[in-house]
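Accompanying notes for the structure given below.
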Amino acid sequence: MKTSRILIALLCAAPAAFAQKLQLSGDAVKIGLLTDMNGVYSAISGPGALKSAEMAADDFMKANKDFAGKVSVIAVDHQNKADIATNKANEMFERQEIDLITDNVNSATALAIASVTQQRNKLFINTGAGTSQLTNENCNHNTFHYAYDNYMLANGTGTAVTKQGGKTWYMIYPNYAFGQNLERQMRAAVEKAGGKIVAPSDATPFPNTDFSTFILKAQSLKPQIFGTMQAGADLVNVVKQYNEFGLKKQGIGLAIGLLFESDVAALGQDAYEGATATVPWFWNLDKKATDWTRRFEKEVGHKPSFDQAAVYSAVTTYLDAVKRAKTDDPEKVIAALEGHGFNDFFAHNATIRKEDHRVILDVYQVKVKPKKDAKEEGDYYTKINTTSAKDAFTPLSESKCKMATTASR
Amino acid sequence: MNWQLVLIQVFNGLVNGAFYALLSLGLAVIFGMLGIVNFAHGALYMLGAFIAYAIGERFGIGFWPALIVAPIAVGIIGVVLERLLLRRLYDVPAAYNLLLTFGLTLLIQDGVRVIYGISGQPYAGPAQLGGATNLGFTYFPTYRLFVIGVSILLCGTTWFIIERTRVGAVVRACTENPTVTRAFGIDVSLWVTAVFGFGALLAGIAGVMAAPIYSVDPLMGADLIVTTFAVVVIGGLGSILGSVMTGFMVGVLVAIGSAVYPPIANTLIFILMALVLLLRPSGLFGLAEAR
Chain D
1 MKTSRILIAL LCAAPAAFAQ KLQLSGDAVK IGLLTDMNGV YSAISGPGAL KSAEMAADDF
61 MKANKDFAGK VSVIAVDHQN KADIATNKAN EMFERQEIDL ITDNVNSATA LAIASVTQQR
121 NKLFINTGAG TSQLTNENCN HNTFHYAYDN YMLANGTGTA VTKQGGKTWY MIYPNYAFGQ
181 NLERQMRAAV EKAGGKIVAP SDATPFPNTD FSTFILKAQS LKPQIFGTMQ AGADLVNVVK
241 QYNEFGLKKQ GIGLAIGLLF ESDVAALGQD AYEGATATVP WFWNLDKKAT DWTRRFEKEV
301 GHKPSFDQAA VYSAVTTYLD AVKRAKTDDP EKVIAALEGH GFNDFFAHNA TIRKEDHRVI
361 LDVYQVKVKP KKDAKEEGDY YTKINTTSAK DAFTPLSESK CKMATTASR
Chain S
410 MNWQLVLIQV FNGLVNGAFY ALLSLGLAVI FGMLGIVNFA HGALYMLGAF IAYAIGERFG
470 IGFWPALIVA PIAVGIIGVV LERLLLRRLY DVPAAYNLLL TFGLTLLIQD GVRVIYGISG
530 QPYAGPAQLG GATNLGFTYF PTYRLFVIGV SILLCGTTWF IIERTRVGAV VRACTENPTV
590 TRAFGIDVSL WVTAVFGFGA LLAGIAGVMA APIYSVDPLM GADLIVTTFA VVVIGGLGSI
650 LGSVMTGFMV GVLVAIGSAV YPPIANTLIF ILMALVLLLR PSGLFGLAEA R
């Protein structure tokens, strides 16, 4: 036993000691997107995210002509079902020898993939799911959380809106894990910033089409801010009815928990005018972001969602770590990722926290601008505030993550 | 909870009920005559909304013309489906029809998704009905009152035609005894097609009217069809009056439920369905013998 361990240690150390040569499993770095390719979230992830990952791989190879290996990218559909995600993740790691699973929208599938990744000691960088559990209760050695999470959304929007004068709040949330989690954190942020919750938040059925009950309740409560934690089609319904009942005209502002570009497109930006949300990125944030967006647009035909941009950044960050580690061995790549600080067109002032594998970065509070102020199709947001990386995410002191070390696994 | 809030919720419920009623009315008419459980009804409703959106987008056709054009288009699609596909399955057990219409639902949904994508599309309601109307106890969006009105009018007319006119008599005769009806020189198969087309048309109208207030996306019908089936079961399969009354009743019940205790609102429908099935299997308004 002892000798074999020494032997393994020697074998592992040998390549590094003798030749600083790239060591790849199967001679290639294989990246797999496991995400919603056809369903409700495919507009924000799906085929656009695949293109984005391919662009990242191409750019990496062009920039690193001396990189001795190949990089391949595939995409697999998890159909938003946790059991399918588990099966597919196993298959990808086992049969297709995937080194990294990334993207993934949907919190339930994220937790499933994180668990498989840990069992197989591979790598998972989640960009599309919001649940803060990935870097808290359910954190693990092999999983990283990129782009955004519920804490960042709630904390950012709740704090910024309250500080800018929206002192009284009434909120509604969809009655499942994502919504409950988001509401709890938003409420905490509002109260911490000196705001007041005027009535207990209401849980709405999920999915749901008719929110008029709650809109009318808001109308009679007259808070300064009506907060909605709904996402996707539910959010579109809420905003449609918020306008229909004329809440904005009655001086009741709108704060949105999770807002994607496609939600704005679904109603037209005038319906959202003045609404506040927090995003990790938007396409015309700065020149670098816009330049990248023009390339993406040319390939895909529409503007990227922040998840699609995050996938490019995550893939690049991963490949960069492989280059620095000179191997795709998960242990060494994880070591190269941990504590790494970087900047790219997506992530500003980013650091990969070693303690909980949260990738922290600057995030932005945005207000939706009216259509007449838009310079082109998709010009939705005005930046109203920047929350710095260190303030945007769960402080480590509050993190519930107990990261198992390699030794104890 | 004060009476004012209850009244507001009743009106809210009537709006939802208006959609349930229109959809379940179509289902009931089709089931009553053809014995088909038309699972594709939700997809036809969604098509109504999307056709309105598409002709607005391409040709600048507004809400009012769309309210005529889109339902007729959906009705024609219904006629084509009946002639080409459903017709072939009348002699086999009902499960085959269910499978066929379920498959059609998937095809229609995915077809729309391929063209327009999965996320919602914007659709503006008519400007004339943009404001709010004073009901004495609250200001209520005028468009929603319009929806309630149109639904009651359509349901009432349909009931009247089927129960009180000669056309209705023929339709009922085709249902009761096709063989004898044929012997009177009436082309039963033509009437069957017409009825299916009419059911589809009602779904189309509901779809267009839903477009300004609900999210216009490929799955909008899938979300609604389950509730609608529950309404039909509660009302009594094939009972026209039952479907309409139950549609409005369920709408109001859910609205009041969601004001009292939101988490239970959608479950209420199914609790009611279970109770009705236990105590009165043929439905609240159904015939004594369950079909």
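Those protein sequence lines, which keep their order, are chains D and S.
Residue 409, in our numbering, is where the first sequence stops; the numbers in between run on with no holes.
Residue 700, in our numbering, is where the second sequence stops; the numbers in between run on with no holes.
Glycine residues also receive a C-beta, built at the ideal position from the N, C-alpha and C atoms.
Report buried or exposed for residue i, applying the criterion of at least 16 other Cβ atoms within 10 angstroms of its Cβ.
{"i": "D:ASN208", "result": "buried"}
{"i": "D:VAL315", "result": "buried"}
{"i": "S:VAL640", "result": "buried"}
{"i": "D:LEU123", "result": "buried"}
{"i": "S:ILE473", "result": "At residue 473 of chain S the sequence reads Trp, which differs from the Ile that was named. Result: exposed."}
{"i": "D:ILE31", "result": "buried"}
{"i": "D:TRP292", "result": "buried"}
{"i": "S:GLU491", "result": "buried"}
{"i": "D:ASP58", "result": "exposed"}
{"i": "D:GLY130", "result": "buried"}
According to DSSP, simplified to helix, strand and coil, what is residue i?
{"i": "D:ILE197", "result": "strand"}
{"i": "D:ALA277", "result": "strand"}
{"i": "D:SER107", "result": "helix"}
{"i": "D:VAL40", "result": "coil"}
{"i": "D:TRP283", "result": "coil"}
{"i": "S:VAL390", "result": "Because chain S in this structure spans residues 410 to 700, residue 390 of chain S falls outside the shown range and cannot be described."}
{"i": "D:LYS402", "result": "coil"}
{"i": "D:HIS145", "result": "strand"}
{"i": "S:LEU610", "result": "helix"}
{"i": "D:ALA255", "result": "strand"}
{"i": "D:LEU22", "result": "coil"}
{"i": "D:TYR170", "result": "strand"}
{"i": "D:LEU10", "result": "Reliability of the predicted coordinates at D:LEU10 is poor, the pLDDT of 47 falling under 50, and the value obtained from them is presented with this limitation in mind. Helix at D:LEU10."}
{"i": "D:LYS88", "result": "helix"}
{"i": "D:SER72", "result": "strand"}
{"i": "D:ASP427", "result": "A question about residue 427 of chain D goes unanswered here, because the residues of chain D that appear run from 1 up to 409."}
{"i": "D:ALA203", "result": "strand"}
Any beta carbon from chain D within less than 9 Å of residue i's own beta carbon?
{"i": "S:ALA674", "result": "yes"}
{"i": "S:SER560", "result": "no"}
{"i": "S:PRO621", "result": "yes"}
{"i": "S:ALA668", "result": "yes"}
{"i": "S:ALA427", "result": "no"}
{"i": "S:GLN537", "result": "no"}
{"i": "S:ASN421", "result": "yes"}
{"i": "S:LEU431", "result": "no"}
{"i": "S:TYR462", "result": "no"}
{"i": "S:PRO690", "result": "no"}
{"i": "S:ALA578", "result": "no"}
{"i": "S:LEU516", "result": "no"}
{"i": "S:ARG527", "result": "For the record, residue 527 of chain S in the displayed sequence is Ile; it is not Arg. Closer than 9 Å: yes."}
{"i": "S:VAL640", "result": "no"}
{"i": "S:VAL625", "result": "yes"}
{"i": "S:TYR552", "result": "yes"}
{"i": "S:ILE417", "result": "yes"}
{"i": "S:GLY534", "result": "yes"}
Quick one: does residue i have its CB under 9 Å from some CB of chain S?
{"i": "D:VAL71", "result": "no"}
{"i": "D:VAL300", "result": "no"}
{"i": "D:ASP59", "result": "no"}
{"i": "D:LEU221", "result": "no"}
{"i": "D:SER388", "result": "no"}
{"i": "D:SER212", "result": "yes"}
{"i": "D:GLN118", "result": "no"}
{"i": "D:TYR461", "result": "The structure shown has nothing for residue 461 of chain D, since chain D only spans 1 to 409."}
{"i": "D:PHE178", "result": "no"}
{"i": "D:SER132", "result": "no"}
{"i": "D:GLU183", "result": "no"}
{"i": "D:GLU376", "result": "no"}
{"i": "D:THR204", "result": "yes"}
If I measure Cβ to Cβ from residue i and keep anything under 7 Å in the same chain, skipping five residues before and after, which residues do I get?
{"i": "S:LEU554", "result": "THR542"}
{"i": "D:ILE84", "result": "HIS78"}
{"i": "S:GLY457", "result": "ALA479, PRO480, VAL483, ALA612, GLY613, ILE614, ALA615, GLY616 and VAL617"}
What residues in its chain sit with their C-beta under 6 Å from that of residue i, if we drop five residues either side in the sequence?
{"i": "D:ALA271", "result": "VAL239 and ASN243"}
{"i": "D:GLU299", "result": "LYS51"}
{"i": "D:ASP202", "result": "ILE172 and PHE214"}
{"i": "D:GLY128", "result": "SER45, ASP103, ASN104, VAL105 and ASP307"}
Below 8 Å CB to CB, which residues in the same chain sit around residue i once its five sequence neighbours on both sides are set aside?
{"i": "D:ALA392", "result": "MET152, ASN155, GLY156, ILE360, LEU361, ASP362 and VAL363"}
Complete beta strand (DSSP E) runs within the segment 309–389 of chain D (minimum length 3 residues, chain order): 350–352, 363–368 and 381–387
Uninterrupted beta strand (DSSP E) stretches inside the segment 498–564 of chain S (no shorter than 3 residues): 541–543 and 548–550
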